[in-house]
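Numbering (UniProt numbering), first residue to last: 1 to 387.
Glycine residues also receive a C-beta, built at the ideal position from the N, C-alpha and C atoms.
For reference, the structure discussed in these notes is given below.
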C-alpha cells in the first residue's frame, strides 16, 4: 500500500496516528523524575482534550502508555522508585489502566469518523469523475458534429478552385475554419482516486502554541540587571490547553546560576511543584542571550549557515531544548538578544536535529552538523501582539 492510499484506509490511518505518537526517544541518563512529570503532563493533556479533540487525546494516551509500559521500566532508577515510592507507583499503574481503556474507546470513535470521511471522499470523487466524463462526452459529440458539417460543406465545393472569385475564396475559408477540429490527443483524462488523496505529514501532528509578546517583554525587564552585567537569564514557559491550542500564560523564573554564555536552573522539584499547584503545562523555555557576534569563534562553534543571526540556539541550547522536546514535541525555545533587539522562537528539526542531539553525549560548547540544519524557526508557534 503506497503513501497516498494510507490516508484512504481508516484502520491504517488510526494505526499511523498511534505509531507516530508512540515514537519516543528515551535516554537512561535523564532523571526519572522528569519522565514521570512528563507522563503526568501527557495524561493531563489527554484527559482535557478527549471531548474537544479526540485525535490529540489518542496521541497523548498512546505516548503515555508507551512511556510508562515500555520505556520507564528500563530506567536505572525504576526499581528504586517502585520500592521507595510505592503509592506513586500504584497510582501509575491505575492511570495506565485508565489510559489503555480510554485509548481503545477513542480508537473506535476515530475509526468511525475516518469511515465517514472515506465515504464522503468516495462520493466526491465519483461525482467529479461523472462530471468529467460528461465533459468528455460533450467533446466527442461536438467533434462528431464538426466532422459531419465539414463533410457537408465539402460536397458543395466546386471541383475546380480556379473559377472562384476572391470573395468566394474568403467566404469558403472562413466557413472551413469556423469549427476547428479538436485534436483528440489533448482530451482530458480521468483523475485517479489516488491523485486526490492527501498525504499524511509527520509535521502536521504538532498542535499550535501561542506566546504573548507582553510576557516576553516582562521577562526582559525582569532580566535587565543580569543582562547589564553580562549574565544570561532563563525561565520556564507554562500554560494551558485551550480548544486544541497550547496557550502560554505563565512564566516561571526558577532559582538559577548564570554566566555570560550559559544559565542553569536549580531545584527542579520547586518549579515542578509550582506547576502542579497551578495546574500548568510546561510548554517550553526562554532565555536572554549575552552572545556577541564575535563570541561564536571563541566558543568553537560554526554558525556559517547563519552569519548575521543574533538570536539562535548554541550547542548548549540545543541540548537544553532537546530535553524539553523529547518530553513534549510542541515545546518551544524562545531566545532573546537585547543587544541586537531580536527575539527568535525555535525548535529542533524533528528528524536530523532530534536524532543527532539526543544521541550526543558531549557537554559544553562543541561543534554539531550544519547541513542539514539541526534547528529551525518554530513553524507551529505564534507570537501574540498586545491589543
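Item, Value
"To the nearest angstrom, report how far apart residue 45 and residue 58 are at their CA atoms.", "10 Å"
"If you compare alpha carbons, which of 232, 229, 16 and 214 is closest to residue 383?", "214"
"Per DSSP, which residues does residue 209 bridge with? Please list them.", "246 and 381"
"Would you please state the rounded distance, in angstroms, between the beta carbons of residue 90 and residue 54? I believe it to be under 8 Å.", "Going by Cβ atoms, the distance from residue 90 to residue 54 rounds to 29 Å, so no, they are not a contact pair."
"Under 6 Å Cβ to Cβ from residue 166, same chain only, skipping five residues before and after it: list those, please.", "Note that residue 166 scores a pLDDT of 48, beneath 50, so its modelled location is shaky and nothing firm can be said."
"Please report how far the alpha carbon of residue 216 lies from the alpha carbon of residue 99, in whole angstroms.", "36 Å"
"Nearest to residue 64 by CA position, among 93, 86 and 52, is which residue?", "93"
"Using the Cα positions of residue 103 and residue 66, report the straight-line distance between them to the nearest angstrom.", "12 Å"
"Among 273, 8, 246 and 233, which has the Cα closest to the Cα of residue 210?", "246"
"Could you spell out the range, first to last residue, of the beta strand (DSSP E) harbouring residue 286?", "281-288"
"Please state whether the Cβ-Cβ distance between residue 60 and residue 42 is less than 7 Å.", "yes"
"At what residues does the beta strand (DSSP E) containing residue 26 begin and finish?", "That residue, residue 26, is in no beta strand (DSSP E); it is neither H nor E in DSSP."
"Find out if the Cβ-Cβ distance for the pair residue 290, residue 232 is shorter than 7 Å.", "yes"
"List the DSSP bridge partners of residue 256.", "265"
"Mapping DSSP to helix, strand and coil, what is residue 333?", "strand"
"Quick check: the segment 348-359 against the segment 311-320, are at least 3 beta-carbon pairs closer than 8 Å?", "yes"
"Compare the Cα-Cα distances from residue 221 to each of 288, 24 and 48 and report the closest residue.", "288"
"If you draw a straight line from the alpha carbon of residue 72 to that of residue 30, how long is it in whole angstroms?", "11 Å"
"Where do the N-terminal and C-terminal ends of the alpha helix (DSSP H) with residue 345 fall, by residue?", "Per DSSP, residue 345 belongs to no alpha helix (DSSP H); it is in the beta strand (DSSP E), 342-348."
"Take the Cβ of residue 276 as the centre, count every other Cβ of all protein chains shown within 10 Å, and call the residue buried at 16 or more, exposed below.", "exposed"
"What residues match up with residue 312 in a beta bridge as DSSP calls it?", "Note: residue 312 sits in no beta bridge, so no partner."
"With DSSP as the reference, please indicate the residues paired to residue 234 in a beta bridge.", "287"
"Anyone know if the C-beta pair for residue 344 and residue 311 falls short of 7 Å?", "yes"
"Please state the DSSP three-state secondary structure of residue 370.", "coil"
"So, does the segment 71-88 touch the segment 31-38, judging by three or more C-beta pairs under 8 Å?", "yes"
"Can you find the residues in the same chain that come closer than 8 Å, C-beta to C-beta, to residue 113, ignoring five residues on each side of it along the sequence?", "54"
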